[in-house]
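**Student:** Residue numbers (UniProt numbering): 1 to 126.
Note that the Cβ used here is the ideal one computed from N, Cα and C, for glycine as well.
1. Output needed for residue 208: all residues of its chain with C-beta closer than 6 Å, excluding positions within five of it in sequence on either side, in chain order.
2. Using CA coordinates, which residue listed in 5, 13, 60, 108 is at the minimum distance from residue 23?
3. By alpha-carbon positions, which one of 93, 85, 68 ends up nearest to residue 6?
4. So, at 8 Å on beta carbons, what are the nonlocal neighbours of residue 1 in its own chain, with the 5 sequence-adjacent residues on each side left out?
5. Quick one: residues in its chain with C-beta nearer than 7 Å to the C-beta of residue 21, no 5 flanking neighbours on either side, listed in chain order?
6. Taking the runs of the alpha helix (DSSP H) that are 4 residues or longer, which of them lie wholly in the region 47-97?
7. Report buried or exposed for residue 12, applying the criterion of at least 16 other Cβ atoms within 10 angstroms of its Cβ.
8. Looking at the structure shown, is residue 100 part of a helix, part of a strand, or coil, going by DSSP?
9. Given a threshold of 16 other Cβ atoms within 10 Å of its Cβ, counted over all protein chains shown, does residue 129 qualify as buried or as exposed?
10. If you draw a straight line from the C-alpha of residue 19 to the C-alpha of residue 101, how long is it?
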């Protein structure tokens, strides 16, 4: 679907995102240490450890999805729906470069589960 030049550009964007996610853990530790020094309970943050764990889990999930997207770039399968093989709209890949299904398959899969898969994945961007 994409030319080699576009796949190279996509790969670079994904690699940059991966590096950012890999740095999240050390940044989070520093932020947590700073918050503890500031006596974070005064600011209504009674349980930063739970918040930190949830954030780490979210970053870990997003990292796995980025790594999966990088594998699809390497195999030249990037941008193709993993369910039906149709091309995923570029506008969706720009917003969430890790998505793996087209809108039609996402809706079909969502009808068989509790929430649309891509909406769940998009929530990881927040």
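**Tutor:** In this structure, then:
1. Summary: the structure shown does not reach residue 208, with the chain confined to residues 1 through 126, and so no result is reported for it.
2. Checked all of 5, 13, 60, 108; the closest Cα to residue 23 is 60.
3. Relative to residue 6, the option among 93, 85, 68 whose CA is nearest is 93.
4. Answer for residue 1: 78, 79, 80, 87, listed in chain order.
5. Sequence-distant partners of residue 21 (beyond 5 residues in either direction) whose C-beta falls short of 7 Å from its own C-beta, in its chain, are 59, 62, 63, 66.
6. Listed in chain order, they are 48-74, 90-95.
7. It is exposed - the Cβ of residue 12 has fewer than 16 other Cβ atoms within 10 Å.
8. Judged by DSSP in its simplified three-state form, residue 100 adopts coil rather than helix or strand.
9. No statement about residue 129 is possible, as the shown extent of the chain runs from 1 to 126 and does not include it.
10. One C-alpha to the other measures close to 24 Å.
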